[in-house]
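A.B. asks: Starting off with a structure, shown below.
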Ligand code: HEM
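In our numbering, the protein residues as written are 15 to 160.
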């Protein structure tokens with residue numbers, strides 16, 4: 015996908031927060047780190063009043079969302095493509111069509127992910143780059159005005 019963050023580490027002119035050849039996936043610590051990030055993301059979504067609109071767009075049970083986001087992010091960060099192996103092409107925009115996603119939901123998703131990245135200790139420069147990539151992806155998911 016266009017906003018795939020591994021592209022950010024590939025070009026030779028890269029100033030390199032991650033050593034050459036290393037992906038964001040391996041840099042942050044592989045599957046246990048991605049799992050911790052996703053768990054914190056959904057815990058915050060459940061707990062923080064500031065993410066209530068985002069939480070409301072999800073069903074009562076976040077277990078399947080947790081699992082799918084984990085599988086997806088492993089590949090998105092340059093690691094194993096678990097999501098694609100299990101579910102095929104992500105078609106993320108299409109898969110989000112059943113949910114009403116506007117500016118508020120987009121902003122809450124990105125803020126929640128940024129808070130989670132901070133709390134699990136993603137290195138600040140990588141966090142900034144991932145923030146930009148998440149923002150682009152989340153913006154692409156918007157399916158209503160406002
Ligand atoms: C912009 C705001 C967003 C909202 C409101 C939102 C909401 C949702 C909801 C309600 C689900 C269904 C969860 C379930 O199956 O129980 C979902 C699934 C999913 N979301 Fe999002 N999402 C957003 C952005 C994103 C972004 C930016 C990504 C990736 C970086 C992402 C990745 C996924 C994935 C991989 C799934 C599972 C898709 C499937 O296989 O059905 N979402 N999202």
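Beta carbons are placed, not taken as given, at the ideal position from N, Cα and C, and that holds for glycine. Bear in mind the structure is a predicted one, so any value in this text is a computation, not a measurement.
Whole alpha helix (DSSP H) runs in the stretch 57–84 with 4 or more residues, listed along the chain?
C.D. replies: Unbroken alpha helix (DSSP H) runs of no fewer than 4 residues, entirely contained in the stretch 57–84, are found at 66–70, following chain order.
A.B. asks: Apart from the five residues on each side of it in sequence, which residues of its chain come closer than 8 Å, Cβ to Cβ, to residue 159?
C.D. replies: Counting from 1 along the chain shown, the entry for residue 159 is found at position 145. Here the set comprises 116.
A.B. asks: Output needed for residue 94: all residues of its chain with C-beta closer than 6 Å, excluding positions within five of it in sequence on either side, in chain order.
C.D. replies: Sequence index remark: in the chain shown, residue 94 carries index 80 (1-based). 88.
A.B. asks: Is there at least one non-hydrogen atom of ligand 1 closer than 8 Å to the beta-carbon of residue 151?
C.D. replies: Residue mapping note: residue 151 aligns to position 137 of the chain shown, counting from 1. Indeed, a heavy atom of ligand 1 lies less than 8 Å from the Cβ.
A.B. asks: Have a look at residue 40 and residue 90 and give me their C-alpha separation to the nearest angstrom.
C.D. replies: Here residue 40 corresponds to residue number 26 of the chain shown, with the count starting at 1. Here residue 90 corresponds to residue number 76 of the chain shown, with the count starting at 1. About 12 Å.
A.B. asks: Could you say which of 43, 149, 101 lies nearest to residue 128 if we only look at CA atoms?
C.D. replies: Locating residue 128 in the chain shown gives position 114, counting from the first residue. Distance from the Cα of residue 128 is smallest, within the candidate group 43, 149, 101, for 149.
A.B. asks: Using 9 Å as the threshold, is the C-beta distance between residue 120 and residue 156 below it?
C.D. replies: Position 106 of the chain shown, counted from the start, is the residue given in the question as residue 120. Position 142 of the chain shown, counted from the start, is the residue given in the question as residue 156. Result yes, Cβ atoms of residue 120 and residue 156 sit closer than 9 Å.
A.B. asks: Between which two residues does the alpha helix (DSSP H) holding residue 131 run?
C.D. replies: Position 117 of the chain shown, counting from 1, holds the residue named residue 131. Note, residue 131: alpha helix (DSSP H), 117–133.
A.B. asks: Are the beta-carbon atoms belonging to residue 58 and residue 137 less than 9 Å from one another?
C.D. replies: Residue mapping note: residue 58 aligns to position 44 of the chain shown, counting from 1. Residue mapping note: residue 137 aligns to position 123 of the chain shown, counting from 1. No, the Cβ-Cβ distance between residue 58 and residue 137 is not below 9 Å.
A.B. asks: Do residue 51 and residue 131 have their beta-carbon atoms positioned less than 9 Å apart in this structure?
C.D. replies: The residue given as residue 131 occupies position 117 in the chain shown. The residue given as residue 51 occupies position 37 in the chain shown. Yes, these two residues count as a Cβ contact at 9 Å.
A.B. asks: Tell me which residues share the same chain as residue 92 and place their Cβ nearer than 6 Å to its Cβ, disregarding the 5 neighbours each side in the sequence.
C.D. replies: Position 78 of the chain shown holds residue 92. Once the five neighbours on either side are set aside, the close Cβ partners of residue 92 are 20, 37, 38, 39.
A.B. asks: Buried or exposed: which applies to residue 42, given that a residue is buried once 16 or more other Cβ atoms fall within 10 Å of its Cβ?
C.D. replies: The sequence position of residue 42 within the chain shown is 28, counting from 1. Buried, by the Cβ-count rule.
A.B. asks: Is residue 73 near ligand 1, in the sense that its beta carbon is under 8 Å from a heavy atom of that ligand?
C.D. replies: Residue 73 sits at position 59 when you count from the first residue of the chain shown. Because some heavy atom of ligand 1 lies under 8 Å away, the Cβ of residue 73 counts as near it: yes.
A.B. asks: Return yes when the C-beta of residue 110 is under 8 Å from any heavy atom of ligand 1, and no when it is not.
C.D. replies: By one-based count along the chain shown, residue 110 stands at place 96. It does: the Cβ of residue 110 is within 8 Å (strictly closer) of some heavy atom of ligand 1.
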